[in-house]
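K.L.:
Chains A and B, in that order, are what the protein sequence lines are. So in this note's numbering, spot 296 of the first sequence is number 368, and the numbers just go up one at a time. So in this note's numbering, spot 208 of the second sequence is number 210, and the numbers just go up one at a time. Take a look at the following structure, please.
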Amino acid sequence: MKTLLIAECREGRFLDTNYELFGFAEKLGAESAMVLVGRQDDLPAFSGKLYLADAAKYGEYNPDLHKKLILAAVEQEKPDYIVFGHTSYGWDLAPRVAAALKAPQLSEVVGVADGAFELPSCNMKMRRTVKPNGAPAVLTLQGGAFPVLKPGGTPQVQPLEAAGESGVNFLGYEPAVAKDVNLTKAEVIVSAGRGIGKPENVPTIAALAKALGGELGASRPVVDGGWVDHAHQVGTTGQTVNPKLYIACGISGAIQHLAGMKKSGFIVAINKDKDAPIGEVADVLVVADVMQFVPALTAKLAK
Amino acid sequence: MKILVCIKQVPDMESRFKPDSAGGWYSDTDLAFRMNEYDEYAVEQAVQLKEQLGGEPEVVVLSVGPDRVVEALKKALAMGCDRAVQVQDPAAHLKDPWQIASAIAGYAKGENFDLIFTGLQSQDRGSAQVGVTLAEILGFSSVTTIVGFEYADGTATVRRELEGGLKARVQLKTPALVTCQLGLNVPRYPTLPNIMKAKKKEILTLPMADLLHEEARSATVSFYPPPKRSGGIVLEGDVALQVDQLLDILRDKTTVLR
Ligand SMILES: Cc1cc2nc3c(=O)[nH]c(=O)nc-3n(C[C@H](O)[C@H](O)[C@H](O)COP(=O)(O)OP(=O)(O)OC[C@H]3O[C@@H](n4cnc5c(N)ncnc54)[C@H](O)[C@@H]3O)c2cc1C
């Protein structure tokens, strides 16, 4: 069995998360080759075949040409599986490759099951086992679902070229806005989620954070709604934190939130839904109305 | 100018999900359905663009599914879309993303849309495939995960969100498709007058069989809750008691209260 692993280069760097693709290939017991639109001077530690295209020429985000580059590698490699990370790069590119190959695509794979794959659904409350009809199949892998594996060595580089026009024009990255809070240094973080109900309730959550000598964190809807500044957002598109204590208030536990806080030392979740997926990572799940429980806890701490 | 918005109706994610009798998806019974969260941003952006262009563009909203999806279409009409299309399929949950995209393309091909808005993904299945696949079938340029959108003279300039708060500025010419990420805009609540006005708007019903001529490329084997991790403590009951129990645990297991 053969996998073609599609690596990602961001702001000139080969991303460490690419090594999860090797972890997956090992789990499948497959041989692997890799495709990288990246830089000659930042190559993966792996001794197999690396199809390398120059990011200076093709850009880091240029889906039409990256698709063509990948298709050229697929033609040479004839893999059974073409494997991406389920990231902004992967979910953007994978359907384009699948459509061109008339291949099945399975998104956000979390497990391998005998020719079929396990995929999360319904905010991780449920799972599906899905079988691709035929090969090659295109897969994207959930971040963190497979172990980081650094095979080691130096790749045999095979240059990759493609020609053509692109309908999408990358103008540049926007620098991330400077943050006025540093959640990564906090020992305690108390985060507000949509379950707090309304912006007027944010101070109640902030008061608990203060009583514990910690910082206020937030899930994305609370930030998108303008209740709390983005500097407080925890998750894949916010900050990754590992405080000694993380308290999630009215947060369901979507994978993108968990990715930012699951390494915390001790996790408490307050949720009215006993089945909320946050329960999967919580050391303590308090099944309660967050706006009743949090003020009661803060009051007790003040005593 | 002609704009298409593709929306899905999904259950409330706070629900309890039970497999249906075929074992491949959830049973609809006892679930409350609403518009997929990502798609609300798609509808809002399409309506904002219509407003920006003085009301000239026609905005069509489409949903694939059983008759209950008409409720989601009505909401989109009340938000400001001009007319709706239901691709009627009581068995839509058995179709894979390739088939859903092919059916929508079957409708869109003859309609000469300039711009298509979809959500980044659905909340229940989360494949994030239908939008881009639709663009590929139609030969449209496409960009996923947009958190900013501007349009002028046949060119869309979008902000595309990457991990860690990084964003990319990207331009694409129509015909184009974009998939909308949470936070792109602030979706409006339909007002009562607009809900009334929406009642007069057209909802066209097209049978799935007329649009879909493609086989599935994947098959669901089973649908089940993930294995539960054991070990976490669950505190239920009286709030005052829960507070005391939690404080005892925190004193015992962490150093933050010392
Ligand atoms: C590409 C991408 C990137 C993303 N990045 C991030 C990110 O960085 N960070 C992030 O957080 N999200 C991110 N998201 C969004 C993520 O998928 C979820 O939508 C989000 O985390 C949900 O936030 P929430 O848990 O606060 O809200 P919901 O999912 O709506 O959950 C609310 C919870 O509150 C509970 N609740 C409701 N009322 C009460 C009450 N009175 N008392 C107690 N509990 C109550 C409910 O049971 C529910 O579990 C991203 C999504 C995508 C697609």
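We put the beta carbon where it would ideally sit given N, CA and C, even for glycine.
Put valine 72 of chain B into one of helix, strand or coil per three-state DSSP.
P.N.:
Reduced to three states, the DSSP call for valine 72 of chain B is helix.
K.L.:
So what does cysteine 81 of chain A bridge to, in DSSP terms?
P.N.:
Partner(s): A/Phe86.
K.L.:
What do you reckon, is the C-beta of methionine 363 of chain A under 7 Å from a heavy atom of ligand 1?
P.N.:
Because some heavy atom of ligand 1 lies under 7 Å away, the Cβ of methionine 363 of chain A counts as near it: yes.
K.L.:
Identify every residue that forms a DSSP beta bridge with glutamate 163 of chain B.
P.N.:
Answer is B/Lys169, bridged to glutamate 163 of chain B.
K.L.:
Beta-carbon distances below 5 Å to any heavy atom of ligand 1 define the shell here; list its residues in chain order, please.
P.N.:
Qualifying residues come out as A/Gly265, A/Arg266, A/Gly267, A/Ser291, A/Arg292, A/Pro293, A/Gly307, A/Thr308, A/Thr309, A/Gly310, A/Gly322, A/Ile323, A/Ser324, A/Ala326, A/Gln328, A/His329, A/Asn343, A/Lys344, A/Asp345, A/Ala348, A/Asp361, A/Val362 and B/Glu16.
K.L.:
At what residues does the beta strand (DSSP E) containing isoleucine 205 of chain B begin and finish?
P.N.:
Where isoleucine 205 of chain B is concerned, the enclosing beta strand (DSSP E) stretches over 205 to 209.
K.L.:
Within 8 Å (strictly less), CB to CB, does glycine 67 of chain B reach chain A?
P.N.:
No, its Cβ sits nowhere closer than 8 Å to a Cβ of chain A.
K.L.:
Does any residue of chain B have a CB that is nearer than 8 Å to the CB of glycine 322 of chain A?
P.N.:
No, because no Cβ of chain B sits closer than 8 Å to the Cβ of glycine 322 of chain A.
K.L.:
What in chain B is Cβ-close to glutamate 180 of chain A, meaning under 7 Å?
P.N.:
Simply Gly128.
K.L.:
Quick one: is valine 236 of chain B buried, meaning 16 or more other Cβ sit within 10 Å of its Cβ, or exposed?
P.N.:
So valine 236 of chain B counts as exposed.
K.L.:
Less than 8 Å between the beta carbons of valine 109 of chain A and tyrosine 91 of chain A, yes or no?
P.N.:
The answer is no: Cβ separation not under 8 Å.
K.L.:
Going residue by residue through the stretch 235 to 300 of chain A, where are the continuous alpha helix (DSSP H) segments of at least 4 residues, counting only ones entirely within it?
P.N.:
List check, alpha helix (DSSP H) in window: 274 to 283 and 292 to 296.
K.L.:
Just by C-beta distance, which residues in the stretch 113 to 139 of chain A are closer than 7 Å to chain B?
P.N.:
From the stretch 113 to 139 of chain A, only Tyr133 have a Cβ closer than 7 Å to chain B.
K.L.:
Let's see if you can read the secondary structure: which residues bound the alpha helix (DSSP H) around asparagine 196 of chain B?
P.N.:
Run containing asparagine 196 of chain B: 194 to 200, per the alpha helix (DSSP H) assignment.
K.L.:
Kindly list the residues whose CB is nearer than 7 Å to the CB of alanine 178 of chain B, restricted to its own chain and excluding five residues on each side of it in sequence; keep chain order.
P.N.:
Leu117, Phe142, Ser143, Ser144 and Ala158.
K.L.:
How many angstroms separate the CA atom of glycine 351 of chain A from the CA atom of alanine 368 of chain A?
P.N.:
If you take the alpha carbons of glycine 351 of chain A and alanine 368 of chain A, they lie about 21 Å apart.
K.L.:
Between which two residues does the beta strand (DSSP E) holding methionine 198 of chain A run?
P.N.:
Looking at the DSSP string, the run of the beta strand (DSSP E) that includes methionine 198 of chain A is 198 to 204.
K.L.:
Quick check on asparagine 205 of chain A - is its C-beta less than 8 Å from some C-beta in chain B?
P.N.:
Closer than 8 Å to some Cβ of chain B, the Cβ of asparagine 205 of chain A qualifies, so yes.
K.L.:
So is glycine 166 of chain B in contact with chain A if we call contact Cβ pairs under 8 Å?
P.N.:
For glycine 166 of chain B, the answer is yes, since a Cβ of chain A falls inside 8 Å of its Cβ.
K.L.:
Quick one, are the C-beta atoms of threonine 201 of chain A and tyrosine 153 of chain A less than 8 Å apart?
P.N.:
No, these two residues do not count as a Cβ contact at 8 Å.
K.L.:
Go ahead and label serine 220 of chain B buried or exposed: buried means 16 or more other beta carbons lie within 10 angstroms of its beta carbon, across all protein chains shown.
P.N.:
Answer is buried; the Cβ neighbour count reaches 16.
K.L.:
Isoleucine 9 of chain B CB to nearest chain A CB: under 8 Å?
P.N.:
No, because no Cβ of chain A sits closer than 8 Å to the Cβ of isoleucine 9 of chain B.
K.L.:
In chain order, what residues of the same chain lie with their CB nearer than 7 Å to the CB of serine 129 of chain B, ignoring the 5 residues before and after it?
P.N.:
Result list for serine 129 of chain B: Pro99 and Gln123, in chain order.
K.L.:
Would a C-beta distance cut-off of 8 Å place glutamine 11 of chain B and glutamate 53 of chain B closer than the cut-off?
P.N.:
It is not a contact, given that the beta carbons lie outside the stated cut-off.
K.L.:
Please state the DSSP three-state secondary structure of proline 167 of chain A.
P.N.:
Note: proline 167 of chain A maps to helix in three-state DSSP.
K.L.:
Please classify aspartate 32 of chain B: is it buried, with 16 or more other beta-carbons within 10 angstroms of its beta-carbon, or exposed?
P.N.:
When all chains shown are included, aspartate 32 of chain B counts as exposed.
K.L.:
Would you kindly report the start and end of the unbroken beta strand (DSSP E) that includes aspartate 126 of chain A?
P.N.:
Segment 121 to 126, the beta strand (DSSP E) holding aspartate 126 of chain A.
K.L.:
For the alpha helix (DSSP H) holding alanine 324 of chain B, just list the boundary residues, first then last.
P.N.:
Since the first residue of chain B shown is 3 and the last is 260, residue 324 of chain B is not available in this structure.
K.L.:
Going by the beta-carbon positions, is the gap between threonine 276 of chain A and glutamate 165 of chain B smaller than 8 Å?
P.N.:
Cβ distance not < 8 Å, so threonine 276 of chain A and glutamate 165 of chain B don't count as in contact.
K.L.:
From isoleucine 148 of chain B to alanine 371 of chain A, what distance separates their C-alpha atoms?
P.N.:
About 42 Å.
K.L.:
Between the stretch 244 to 262 of chain A and chain B, which residues of the former have a C-beta closer than 8 Å to a C-beta of the latter?
P.N.:
Answer set for the stretch 244 to 262 of chain A: Gly244, Tyr245, Glu246, Ala248, Val249, Glu259 and Val260.
K.L.:
Looking only at its chain, what residues have a beta carbon closer than 6 Å to the beta carbon of leucine 93 of chain A, apart from the 5 residues adjacent to it on each side?
P.N.:
If we look at leucine 93 of chain A and ignore the five residues flanking it on each side, its Cβ neighbours are Leu77 and Val155.
K.L.:
Should glutamine 230 of chain A be flagged as near chain B, meaning a C-beta pair shorter than 8 Å?
P.N.:
With 8 Å as the cut-off, glutamine 230 of chain A does not count as an interface residue toward chain B.
K.L.:
Taking the C-alpha atoms as reference points, what is the distance between proline 151 of chain A and alanine 175 of chain A?
P.N.:
Their Cα atoms are separated by approximately 12 Å.
K.L.:
Helix, strand or coil: which one does DSSP assign to lysine 175 of chain B?
P.N.:
Reduced to three states, the DSSP call for lysine 175 of chain B is strand.
K.L.:
Counting only Cβ pairs nearer than 8 Å, list the residues of chain B close to arginine 199 of chain A.
P.N.:
Residues of chain B passing the Cβ test: Phe225, Tyr226, Pro227 and Pro228.
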